[in-house]
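Enquirer: Residues 45 to 259 in the working numbering are what the sequence shown spells out, letter by letter.
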Amino acid sequence: MLKPPTSIQAVLGPWWWQCPDTGSCAAPSLRLWLPTFGGGSAAVESGRARPCGAGCYDVPNGEYLTIRAVADGGFTFTGWGGKCESIGRITGCRFHMWNNYTAAATFAPLPPPSDNTGNSSSDPVTTSVSFVVSVTGKGTVAVRGSLAYPSSVCSYSACTVTRLKRDNVQVAAITTSGKPFLGWGGRCRGTQTTCTFTNDFGRDGAPRITAVFGS
Numbered sequence: 045m046l047k048p049p050t051s052i053q054a055v056l057g058p059w060w061w062q063c064p065d066t067g068s069c070a071a072p073s074l075r076l077w078l079p080t081f082g083g084g085s086a087a088v089e090s091g092r093a094r095p096c097g098a099g100c101y102d103v104p105n106g107e108y109l110t111i112r113a114v115a116d117g118g119f120t121f122t123g124w125g126g127k128c129e130s131i132g133r134i135t136g137c138r139f140h141m142w143n144n145y146t147a148a149a150t151f152a153p154l155p156p157p158s159d160n161t162g163n164s165s166s167d168p169v170t171t172s173v174s175f176v177v178s179v180t181g182k183g184t185v186a187v188r189g190s191l192a193y194p195s196s197v198c199s200y201s202a203c204t205v206t207r208l209k210r211d212n213v214q215v216a217a218i219t220t221s222g223k224p225f226l227g228w229g230g231r232c233r234g235t236q237t238t239c240t241f242t243n244d245f246g247r248d249g250a251p252r253i254t255a256v257f258g259s
């Protein structure tokens with residue numbers, strides 16, 4: 045189950061719209077998005093943060109935050125994407141809000157217990173397929189992770205994402221710059237903010253996903 049941030053106007057003002065994607069920003073209030081995939085939640089644990097919708101927080105510039113991912117029963121946290129990607133599967137992430145950030149959390153069902161029979165020689169070889177996510181306009185795409193791969197976050201350009209072959213991959217469009225989401229292209233179609241596709245080669249080669257936002 046995907047729980048993306050609510051796409052709403054800024055509660056405290058439009059300052060966060062003008063912030064760049066890299067470097068520092070002089071806006072008095074910044075915005076944090078915490079999309080989650082699967083059975084679990086992510087929230088601000090400490091620091092000043094004002095909710096602005098599901099998975100969305102308005103935060104004073106420079107505030108030191110701790111965010112935490114909490115898995116539901118029967119699920120395990122598989123990792124962060126975006127702002128906290130570098131810490132892997134550590135559930136707590138700490139940082140200063142110097143800009144608008146997205147930190148996506150993925151939770152996967154716990155694997156069934158092993159039968160310990162040692163009869164694993166017939167297990168199929170697992171392969172992976174890399175696909176490209178292209179973002180046109182001002183917005184962000186979060187890609188669901190798995191037990192093998194953490195979440196991924198792509199903004200304002202093309203990024204390459206790797207997932208298991210034939211895995212059902214879920215992507216979510218997030219309007220992080222005050223511009224509307226206009227629709228998908230490639231393996232995804234339509235204007236719904238979420239899309240699921242099969243990660244496998246087709247007649248057009250590896251999957252390619254395009255997300256179009258207003259500019």
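Every residue, glycine too, gets a C-beta built ideally from N, C-alpha and C. As the structure is a computational prediction, the values presented were derived from the model and not from experiment.
Can you give me the Cβ contacts of R188 inside the same chain, cut-off strictly under 6 Å, excluding the 5 residues immediately before and after it?
Expert: Excluding sequence neighbours, R188 sits near F81, T150 and Q214.
Enquirer: Do F121 and R133 have their C-beta atoms within less than 9 Å of each other?
Expert: In this structure, R133 lies closer than 9 Å to F121 by Cβ.
Enquirer: Among residues of its own chain, excluding the 5 on either side of T235, which ones have a beta-carbon nearer than 8 Å to its beta-carbon?
Expert: Contacts found: F225, L226, G227 and W228.
Enquirer: Kindly list the residues whose CB is nearer than 6 Å to the CB of T180, restricted to its own chain and excluding five residues on each side of it in sequence; keep chain order.
Expert: The residues are V256.
Enquirer: Along the beta strand (DSSP E) that carries Q214, what are the first and last residues, could you check?
Expert: Q214 -> beta strand (DSSP E) spans N212 to I218.
Enquirer: Quick one, are the C-beta atoms of S68 and V114 less than 9 Å apart?
Expert: Contact: no.
Enquirer: If V185 sits next to A147, beta carbons under 8 Å apart, how far is it from one beta carbon to the other, in whole angstroms?
Expert: The Cβ separation is near 14 Å, so there is no contact.
Enquirer: Compare the Cα-Cα distances from C96 to each of L76, Y108 and G83 and report the closest residue.
Expert: When only C-alpha atoms are compared, the closest one is L76.
Enquirer: Is L24 buried or exposed, if buried means 16 or more other CB atoms sit within 10 Å of its CB?
Expert: The structure shown does not extend to residue 24, since the chain is modelled only from 45 to 259, so the question has no answer here.
Enquirer: Taking the alpha carbon of C100 as the reference point, which residue from Y193, L78 and P156 has its own alpha carbon closest?
Expert: Checking every option, the nearest Cα to that of C100 belongs to L78.
Enquirer: In or out: N212 buried (at least 16 other Cβ within 10 Å) or exposed?
Expert: Exposed, because fewer than 16 other Cβ atoms sit within 10 Å of the Cβ of N212.
Enquirer: According to DSSP, which residues form a beta bridge with T146?
Expert: DSSP lists W77 as partners of T146.
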